[in-house]
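Line by line, the protein sequences are chains A and B.
So the number in my numbering is just where the residue sits in the first sequence, counting from 1, plus 2.
So the number in my numbering is just where the residue sits in the second sequence, counting from 1, plus 2.
For glycine and all other residues, C-beta sits at the position ideal for the given N, C-alpha and C.
Scroll down for the structure; my scribbles are underneath it.
Protein chains: 2
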Amino acid sequence: MDIKNKSITSRDEDFAQWYTDVCKKAELMDYSSVKGFIIYRPYGYAIWEQIQNYLDKEFKKTGHENVYMPTVIPESLMQKEKDHVEGFAPECLIADIGGGQPIQDKLIIRPTSECLFTEHYAKIINSYRDLPKLYNQWCSVVRWEKTTRPFLRGAEFLWQEGHTMHATEQEARQETLRMLEIYDKCGKDLLAIPFVKGRKTEKEKFAGALETYSIEALMHDGKALQSGTTHYFGDGFAKAFGVQFLDKDGKIKNPHQTSWGVSTRLLGAIIMVHGDDNGLVLPPFVAPIQIAIVPIKMNEPGVLQKARELQKNLESAGFRVKLDDSDKTPGWKFSEYEMKGVPIRIEVGPKDLAANTCMIAKRNDGTKERYSLDNLEETIGKLFKQIHQEMYNAALNNLLNNIHEGHTLEEVEQIVNKGGYAKMMWCGKQSCEDKIKELTNATARCIPFDQISFQDTCPVCGDKSKYLVLFAKAY
Amino acid sequence: MDIKNKSITSRDEDFAQWYTDVCKKAELMDYSSVKGFIIYRPYGYAIWEQIQNYLDKEFKKTGHENVYMPTVIPESLMQKEKDHVEGFAPECLIADIGGGQPIQDKLIIRPTSECLFTEHYAKIINSYRDLPKLYNQWCSVVRWEKTTRPFLRGAEFLWQEGHTMHATEQEARQETLRMLEIYDKCGKDLLAIPFVKGRKTEKEKFAGALETYSIEALMHDGKALQSGTTHYFGDGFAKAFGVQFLDKDGKIKNPHQTSWGVSTRLLGAIIMVHGDDNGLVLPPFVAPIQIAIVPIKMNEPGVLQKARELQKNLESAGFRVKLDDSDKTPGWKFSEYEMKGVPIRIEVGPKDLAANTCMIAKRNDGTKERYSLDNLEETIGKLFKQIHQEMYNAALNNLLNNIHEGHTLEEVEQIVNKGGYAKMMWCGKQSCEDKIKELTNATARCIPFDQISFQDTCPVCGDKSKYLVLFAKAY
Chain A
3 MDIKNKSITS RDEDFAQWYT DVCKKAELMD YSSVKGFIIY RPYGYAIWEQ IQNYLDKEFK
63 KTGHENVYMP TVIPESLMQK EKDHVEGFAP ECLIADIGGG QPIQDKLIIR PTSECLFTEH
123 YAKIINSYRD LPKLYNQWCS VVRWEKTTRP FLRGAEFLWQ EGHTMHATEQ EARQETLRML
183 EIYDKCGKDL LAIPFVKGRK TEKEKFAGAL ETYSIEALMH DGKALQSGTT HYFGDGFAKA
243 FGVQFLDKDG KIKNPHQTSW GVSTRLLGAI IMVHGDDNGL VLPPFVAPIQ IAIVPIKMNE
303 PGVLQKAREL QKNLESAGFR VKLDDSDKTP GWKFSEYEMK GVPIRIEVGP KDLAANTCMI
363 AKRNDGTKER YSLDNLEETI GKLFKQIHQE MYNAALNNLL NNIHEGHTLE EVEQIVNKGG
423 YAKMMWCGKQ SCEDKIKELT NATARCIPFD QISFQDTCPV CGDKSKYLVL FAKAY
Chain B
3 MDIKNKSITS RDEDFAQWYT DVCKKAELMD YSSVKGFIIY RPYGYAIWEQ IQNYLDKEFK
63 KTGHENVYMP TVIPESLMQK EKDHVEGFAP ECLIADIGGG QPIQDKLIIR PTSECLFTEH
123 YAKIINSYRD LPKLYNQWCS VVRWEKTTRP FLRGAEFLWQ EGHTMHATEQ EARQETLRML
183 EIYDKCGKDL LAIPFVKGRK TEKEKFAGAL ETYSIEALMH DGKALQSGTT HYFGDGFAKA
243 FGVQFLDKDG KIKNPHQTSW GVSTRLLGAI IMVHGDDNGL VLPPFVAPIQ IAIVPIKMNE
303 PGVLQKAREL QKNLESAGFR VKLDDSDKTP GWKFSEYEMK GVPIRIEVGP KDLAANTCMI
363 AKRNDGTKER YSLDNLEETI GKLFKQIHQE MYNAALNNLL NNIHEGHTLE EVEQIVNKGG
423 YAKMMWCGKQ SCEDKIKELT NATARCIPFD QISFQDTCPV CGDKSKYLVL FAKAY
């Protein structure tokens, strides 16, 4: 791409402004009159629908069932698990007037639904035969955040929340890892985003969880984005809510619980991993419009007819196609579909008619090449696989080039201040974690599953090191 | 079905109790700890997913796009259209505490989203080129109802709400009729439910609409159920919210607006139109489980293997199949899948192995017949079409047998008190409509599109009759 799209700020000039520009100009979202609550516009919502389709199939393949729980949680119910309520209390939106009358037990607009699921499970789980229960919910949640950014941090966002109950600790722990793998696979197959998988530190784990795992992505500006989490709760919620079952051995036990979720944050990840100075760049399999057809010299005989024939054939082959036959100029259309990140643009003009060809422009690297119309479906199928792989590799290179070992506290500081992940051998004490945050504002992103020791002592305190941890500034 | 399922009340004994029993025993829903808010359990939610799949495809085929608007509406915004806010004010759930602080402009948990859509449209519509805008949203809405019943009237329900803007009145009016046709087609193709289509009276129309159209279904107990509505708003909201566009003729105009929706009420319709004393009866194309396979003498050699082979083949053919190989008795399994309304049960036992057959039981009429396993996929494909048609016809007969002409006020009273629709030639005055409601509690369901006059005067006041209206008691 040599021509910068004039209507947006460049990435290097002001990354935050570039991000907001893309969100708005690609028509992914708009602001509403309620502070922090955004409108998911058709193009943004359609990307979310693609993610939903992918994940919903994976969830169902692994035996999960969808349910829908109330949108409100009584304050008294939320208070049953102490750590959990403490974690969420500062962010709650609370309703206390219904039909003009005050409501005694105030209602929290759901920030997450552990309490509702666990209460329901207490009613429907009695025997080991009732386990596992593998439920998932697609919905929105509300968190009263002070500073908000589209898709990254909002007063309301769309997500899925899985909540499961298992007879044994082992099975529940396996579930948290199984779901993390599904999220990771979604990155590889659909979003063209490589994630670092790992466990959260005690400081960073979810309110009420015994362990939290996450997938972490690296944005173009060197900041990390937590893109999905899975939690193992042990039997803490189950005890607090009285969930019990009669096991095979005749004993009454509390089941072991997990929850896991990804949200419309993934749209933020797509934008900031792949986007460029001309706007959004979408990986082909998640793109709501995969192919934009732009007729050139549309009024010359046969051009529009050929464009429509192409559209029909490509749609029949299962591609998502937009033919733009509006009276705008080809140049305007090129910018428009570049801004919207459409992976492939097909130009077809008078010269192509006789030659039985079309011009194909790839959005990810801006290259253009003329192809025969024979076997075009096959050509495009191959191109999509190629584009997906190119985008994944570019993101992977960016990730690998921006993970550096920090042997001293100064090195850790330098790395995270420059942008990217600092690998550090950590003693495991929260005081050392706090110290780094205090100095740099970077946080422990995760204790990655791939643990390779490169140093015996913690560079903060000098004590014996226990874990390899990744620190980074994060959204 | 000759054996009544003992665990539920019979329809004729106590229809309301039968309904609640089916909702609970078929595991469609459960009550939550928040009064009026139900839990949509996996089996109930899966039926809703089938309806969503069907309608979402129809909406997209007709050019509609999905969006997601905030879950809350500022009170000040809701007050912009006077009739609308008056209609909804008594049912609002209101939040006024966010992050521990009072909220100045209180937030209404959305009961419907006309205000949010219209405000957004004011920002994005400028020219005739921006029209039409055809948006739809899948979400839940909250209405603080005093008396609630699962799926029929609840504090929260799931629905879709379409909101569209058009350059001309004619086009907007066409949209309300087009969407009503799609709802009607969903009844015919998917739910096996015949609807009466018509226009609502002034008294019964939606708050803020100029005209409301509805589809009305007749339940087994003779009560009507409004199952979907479409509304024409004129430019009332557009004016109140300042939505304007520059038309082709160079003039500034307000666009014309519609909205339309169906909800999880449709689950109530399915239950009460098709259900029987053994529980739910699902039409095949909306059933989450279309075929239940119950192996007979499961431990005899080859039986379970054959059952699994059947499952695999039928799933490959695209059917939704459940093989129950649990250690429960066949009798228990029969009751279970009858209660859940699974359209076809396949029994396969030792005798079938040699004969290459299986027993197929149809849920809708309780008949059983032995079929060859050769071409079983084809056999079942045909059976599903046949079952769907039988169920539709039964519902249509019930509808047609329960519409009667009321020539006098007494006749109208008798008809609606007995159950079913009273056809009446009406003068058009609300006082006459009120009088019937006062006497019988029946309401004007609609002014049906099929208008055939059978009487010159209104039986209530004796004035000249204008419309054929259907009255009925309704949910």
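Beta-carbon separation (whole angstroms), residue i vs residue j, contact threshold 8 Å
i	j	result
residue 456(B)	residue 427(B)	6 Å
residue 495(A)	residue 276(A)	The requested residue 495(A) does not occur in the structure, where chain A is confined to residues 3 to 477.
residue 389(A)	residue 364(A)	6 Å
Three-way DSSP call (helix, strand, coil) for residue i in this model
i	result
residue 163(A)	strand
residue 378(B)	helix
residue 235(A)	strand
residue 445(B)	strand
residue 278(B)	strand
residue 4(A)	Confidence at residue 4(A) is low in this model, with a pLDDT of 44, below 50, so its placement is unreliable and no value can be given for it.
residue 246(B)	coil
residue 468(A)	coil
residue 450(B)	strand
residue 50(A)	helix
residue 95(A)	strand
residue 118(A)	helix
residue 67(B)	strand
residue 147(B)	coil
residue 124(B)	helix
residue 431(A)	coil
residue 230(B)	strand
residue 138(B)	strand
residue 103(B)	strand
Separation of residue j from residue i, as counted between CA atoms
i	j	result
residue 220(B)	residue 232(A)	47 Å
residue 156(A)	residue 38(A)	5 Å
residue 24(A)	residue 376(B)	58 Å
residue 392(A)	residue 119(A)	41 Å
residue 106(B)	residue 117(B)	19 Å
residue 254(A)	residue 13(A)	59 Å
residue 184(A)	residue 264(A)	11 Å
residue 301(B)	residue 270(B)	40 Å
residue 139(B)	residue 446(B)	29 Å
residue 229(B)	residue 435(B)	21 Å
residue 257(B)	residue 399(B)	42 Å
residue 96(A)	residue 373(B)	59 Å
residue 81(B)	residue 94(B)	13 Å
residue 150(B)	residue 203(B)	25 Å
residue 152(B)	residue 409(B)	36 Å
residue 291(B)	residue 142(B)	25 Å
residue 480(B)	residue 159(B)	Since the first residue shown for chain B is 3 and the last is 477, residue 480(B) is missing from the structure and cannot be characterised.
residue 125(A)	residue 29(B)	12 Å
Range of the contiguous alpha helix (DSSP H) that encloses residue i
i	result
residue 78(A)	77 to 80
residue 27(B)	17 to 27
residue 85(B)	84 to 90
residue 293(B)	Segment 293 to 297 is the beta strand (DSSP E) holding residue 293(B); no alpha helix (DSSP H) there.
residue 337(A)	332 to 341
residue 415(B)	411 to 420
residue 318(A)	305 to 318
residue 188(B)	171 to 188
Enclosing beta strand (DSSP E) for residue i [first to last residue]
i	result
residue 261(B)	258 to 265
residue 349(B)	346 to 350
residue 213(B)	213 to 220
residue 324(B)	323 to 325
Distance cut-off 7 Å: residue i Cβ against heavy atoms of the ligand PLP
i	result
residue 269(B)	Among the components modelled here there is no ligand, and therefore nothing to report on the ligand PLP.
Listed by chain order, chain E residues near residue i by CB distance under 9 Å
i	result
residue 98(B)	Protein chains A and B are contained in the structure displayed, whereas chain E is not.
Are the segment 52 to 62 of chain B and the segment 64 to 74 of chain A touching by the rule of at least three beta carbon pairs closer than 8 Å? no
Assess, as a yes-or-no matter, whether the segment 230 to 248 of chain B is touched by the segment 81 to 92 of chain B under the definition of 3 or more beta carbon pairs within less than 8 Å. Short answer: they touch.
Does the segment 294 to 309 of chain B come within contact of the segment 349 to 369 of chain B, defined as at least 3 CB pairs closer than 8 Å? yes
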